[in-house]
Amino acid sequence: MPQVLSSTTILQHNKELAHIFRQMSDCYKYLGPDERFRAIAYDTASKTLSNMTEPIDIYGHDIKKLDELKGVGERIAGKIIEYIDTGRIQTFEKLKQQVPFALLELMDVEGIGPATVRTLHDALQVNTRDDLIHAVEQGKLSAIKGFGEKKINTLMKVLKLDKQENKRMPLQLAERIGNELVRFVEKMPGVVQASLAGSARRKKETVGDIDIIVTAERRNWKKIIRRFVQLPQVKKVLASGETKASVILTENDVQADIRIVHPDEYGAALLYFTGSKEHNIQLRSMAKRKGCKINEYGVYDVHTNKRLAGETEEGIYRLFNLPYIDPVKRLGKDELQAG
DNA sequence: GTTT
DNA sequence: TTTGACG
DNA sequence: AAACCGTTCAAA
């Protein structure tokens, strides 16, 4: 991502507001399904703010101007003004009171969502990380419904990792590890194709985990998964099923995920698992407007249920009169408008 | 919460 | 069978 | 007022 020039100070308010709205979104996610759309709304506003290249301040106190921003309506506009004027947002301050704010960052971790955090809080009366660590050490988790060995392990891991700090790896490292893994997988009997997907394929500066898409005939899937989780560089198996598996690699404790699909579904799967999330949502939105639906297996006509594309990414983009979009550009901004 |  | 998590 | 992406899969 290009360094946003030297305007970091000028865009200070944008950054701060984006961060606050993101946290508000987390709060609403925590509050549950009733608030899920409010959570999405704040997330949208947060992203708009962080993608802006002009300081929000130039809109002054003009609610109508602010309202023109995507995802910013009357209410959020008011909160932007409130923040610029007072440096605080009352609604946010109140929200922080009614949720275990210190636990919300756990939701950033793979395998832990709002519901898990909510359950922890309700069942254990924990409000801080230390509370939670204490409870875990007392072995209180196993009494909670839905908390089996797997989940407890990831939680313990998270709490340890979080002390060290949640580490995404630099792109270069991810590419090295990922490509090496792909070369291993490619050689496995039955594998047709293997590719690096996820944020590493998009060349994000930092990468959270390694995502690998494999195509193979169904009869070979189990065998491939079995081999994958037994690879020498695998330190620990987090999950292993019929079509996908998650492992921790010895090197850097990096998480690696593998997903297997039919060769026909390669494009759709690659597209889906390459993201970004925002890009996928926009593409699906566009597809829906045109009477299609996209999933990780292909593109389908909503009415006839006929499969229209999915073998290649190019084919999917072409179906919607779009040029092939380089993974690097799949940011969920305006890359779909141009086509 | 915002958008249609 | 339900549900949380995912890009 | 109603929609807001869309699905499967693993884990419990």
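Per our numbering, the first sequence starts with residue 527, numbered consecutively. A virtual CB, placed ideally from N, CA and C, is assigned to each residue, including glycine. All values derive from a computational prediction rather than experimental measurement.
Check	Outcome
Rounding to the nearest angstrom, what Cα-Cα distance links Leu621 and Thr769 in this structure?	40 Å
Report yes if the CB atom of Val740 is closer than 7 Å to the CB atom of Val711, and no otherwise.	yes
Which residue's Cα is closest to the Cα of Lys855: Asn847, Ile751, Thr800, Phe673?	Thr800
Please classify His587 as buried or exposed, where buried requires at least 16 other C-beta atoms within 10 Å of its C-beta.	exposed
Just to confirm, are Val828 and Leu834 a CB contact at a threshold of 7 Å?	no
Which runs of the alpha helix (DSSP H) spanning at least 4 residues fall entirely within the region 759 to 810, listed in chain order?	792 to 800
Kindly indicate the opening and closing residues of the alpha helix (DSSP H) around Asp611.	600 to 612
Alpha carbon to alpha carbon, what distance is there between Val635 and Glu691?	With a pLDDT of 48 at Glu691, under the threshold of 50, the modelled position of this residue cannot be trusted, and the question is left open.
Can you tell me whether DSSP reads Lys729 as helix, strand or coil?	coil
Expressed to the nearest angstrom, what Euclidean distance is found between the alpha-carbon atoms of Pro789 and Gln719?	8 Å
Out of Gln623, Asn540, Ile750, Pro696, point me to the one whose CA is closest to Ile610's CA.	Asn540
For Lys761, is the classification buried or exposed, using 16 other Cβ atoms within 10 angstroms of its Cβ as the cut-off for buried?	exposed
Rounded to whole angstroms, how far is the Cβ of Val625 from the Cβ of Leu632, which I believe are closer than 8 Å?	The pair is not a contact, with the Cβ atoms about 12 Å apart (cut-off 8 Å).
Assign Arg833 to one of three DSSP states: helix, strand, or coil.	strand
Measuring from the CB of Thr800, is there a heavy atom of the ligand SAM at a distance below 6 Å?	For the structure depicted, the ligand SAM is absent and the ligand set is empty, with no information on it obtainable.
Measure the alpha-carbon distance for Leu595 versus Ile602 and round it to whole angstroms.	10 Å
Under a Cβ-count criterion, where at least 16 other Cβ atoms within 10 Å of its own Cβ denotes burial, should Ser668 be classed as buried or exposed?	exposed
Within the region 623 to 711, note down every full beta strand (DSSP E) run reaching 3 residues or more, in order along the chain.	none
In whole angstroms, what is the alpha-carbon distance linking Ala742 and Ile736?	19 Å
Using CA coordinates, which residue listed in Val684, Gly637, Lys676, Ile786 is at the minimum distance from Leu658?	Val684
Got a sec, what are the start and stop residues for the beta strand (DSSP E) Thr741 sits in?	735 to 742
If you drop the 5 nearest sequence neighbours on each side, which residues of the same chain put their C-beta closer than 6 Å to that of Ser533?	Caution applies to Ser533, whose pLDDT of 47 falls short of 50 and renders its modelled position unreliable; the value that the coordinates give is listed next. For Ser533, where only same-chain residues beyond five positions count, there are no Cβ hits under 6 Å.
Quick one: Cα of Lys748 to Cα of Tyr823, how far?	19 Å
May I ask you to report which of helix, strand or coil DSSP gives Val755?	helix
Here's a check: name, in chain order, each residue in its chain whose Cβ is nearer than 7 Å to the Cβ of Ile536, leaving out the five neighbours to either side.	Pro581
Can the beta-carbon of Leu862 be found less than 7 Å from the beta-carbon of Ser802?	no
Compare the Cα-Cα distances from Leu543 to each of Lys693, Ser576, Thr645 and report the closest residue.	Ser576
Could I get the ranges of all uninterrupted alpha helix (DSSP H) runs contained in the region 542 to 609, with 4 residues as the minimum, in chain order?	562 to 577, 589 to 593
Which value, in whole angstroms, describes the spacing of the CA atoms of Lys819 and Phe563?	21 Å
Let me check understanding here. Comparing Cα to Cα, which of Phe618, Ile842, Leu757 lies closest to Glu777?	Leu757
Can you give me the C-alpha to C-alpha distance between Arg810 and Ala571, rounded to a whole angstrom?	20 Å
Can you give me the Cβ contacts of Glu600 inside the same chain, cut-off strictly under 6 Å, excluding the 5 residues immediately before and after it?	none
For Lys819, name the three-state secondary structure that DSSP assigns.	strand
Looking only at its own chain, which residues have a Cβ that is under 7 Å from the Cβ of Tyr556, when we skip the five neighbours before and after it?	Val625, Leu630, Pro640, Val643, Arg644
Would you call the region 671 to 678 and the region 713 to 727 touching, i.e. three or more CB-CB distances under 8 Å?	no
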